[in-house]
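Contents: one structure, followed by commentary.
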Amino acid sequence: GIQVEQSPPDLILQEGANSTLRCNFSDSVNNLQWFHQNPWGQLINLFYIPSGTKQNGRLSATTVATERYSLLYISSSQTTDSGVYFCAVGQAGTALIFGKGTTLSVSS
Amino acid sequence: DSGVTQTPKHLITATGQRVTLRCSPRSGDLSVYWYQQSLDQGLQFLIQYYNGEERAKGNILERFSAQQFPDLHSELNLSSLELGDSALYFCASSAGYNTEAFFGQGTRLTVV
Chain A
1 GIQVEQSPPD LILQEGANST LRCNFSDSVN NLQWFHQNPW GQLINLFYIP SGTKQNGRLS
61 ATTVATERYS LLYISSSQTT DSGVYFCAVG QAGTALIFGK GTTLSVSS
Chain B
1001 DSGVTQTPKH LITATGQRVT LRCSPRSGDL SVYWYQQSLD QGLQFLIQYY NGEERAKGNI
1061 LERFSAQQFP DLHSELNLSS LELGDSALYF CASSAGYNTE AFFGQGTRLT VV
């Protein structure tokens, strides 16, 4: 099956710093989503982005489907950005397969 | 609020017991997915239903079963529970195939 690799596994930032999270996948995909799992365990949708670029406030994402990777950018990080960021991909008609996540800790 | 409702939020039960987790998808969504999140295995896909029919199976144990009812809500049944089944169980829904999926708040199952 398709493999999803996220890097880095852990990231520690000071408030106000910028960061880039990467997701590599091993085959072509029809679906790619980024999620934020907060400390209470909730999985929050960030982006549905099988290709192209999207922005939502301080967050933006880019997927280059032909090169099989996606990037999540977080600018001016805040303590509330802490948590685990997951990339998940799906192929035609399949369920989402998740990477192992990037654990982000933002300190004030 | 994602619009996906899971009950109960927490469940504590003993080894060998059987439990049922319930999921109500977002209004209009036909696909329902179940996932298990444990510390050592990450987020694992269990099973998918589409409009009442089983669509795909992932790493679901034989002791586990699920169904989707005509009103599109879904139930995940876990039987002969073991300590290792302790995990966060998520339900997700989407309108169709490869459309954006939304997750419920999860049911945290503790087997003692």
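Listed in order, the protein sequences are those of chains A and B. Each residue of the first sequence is one higher than the last, beginning at 1 in the numbering used here. Each residue of the second sequence is one higher than the last, beginning at 1001 in the numbering used here. Note that the Cβ used here is the ideal one computed from N, Cα and C, for glycine as well. In this text the structure is predicted, and so the values were computed from the model without any measurement.
- DSSP places Ile1047(B) in the uninterrupted beta strand (DSSP E) bounded by 1042-1050.
- With a contact defined as Cβ atoms closer than 8 Å, Gln1017(B) and Leu1081(B) qualify at about 5 Å.
- A distance below 8 Å separates the beta carbons of Gln37(A) and Phe86(A).
- The beta carbon of Ser107(A) lies closer than 8 Å to those of Ile12, Leu13, Gln14, Glu15, Thr79 in the same chain, with the five residues before and after it left out.
- In this structure, Arg1063(B) lies near Leu1078(B), with their beta-carbon atoms less than 8 Å apart.
- Around the CB of Thr66(A), fewer than 16 other CB atoms lie within 10 Å, so the residue is classed as exposed.
- For Arg1108(B), the enclosing beta strand (DSSP E) begins and ends at 1107-1111.
- One alpha carbon belongs to Ser76(A), the other to Gly90(A), and they sit about 30 Å apart.
- Around the beta carbon of Val1032(B), a 10 Å sphere encloses 16 or more other beta carbons of the protein chains shown; the residue is thus reported as buried.
- For the C-beta of Phe1045(B), the chain A residues within less than 9 Å are, from N- to C-terminus, Thr94, Ala95, Leu96, Ile97, Phe98.
- Cβ-Cβ distances below 6 Å link Gln3(A) to Ser26 in the same chain, with the five nearest sequence neighbours on each side left out; the list follows chain order.
- Proximity to Leu32(A) across Lys54(A), Ser19(A), Pro9(A) peaks at Lys54(A), based on C-alpha coordinates.
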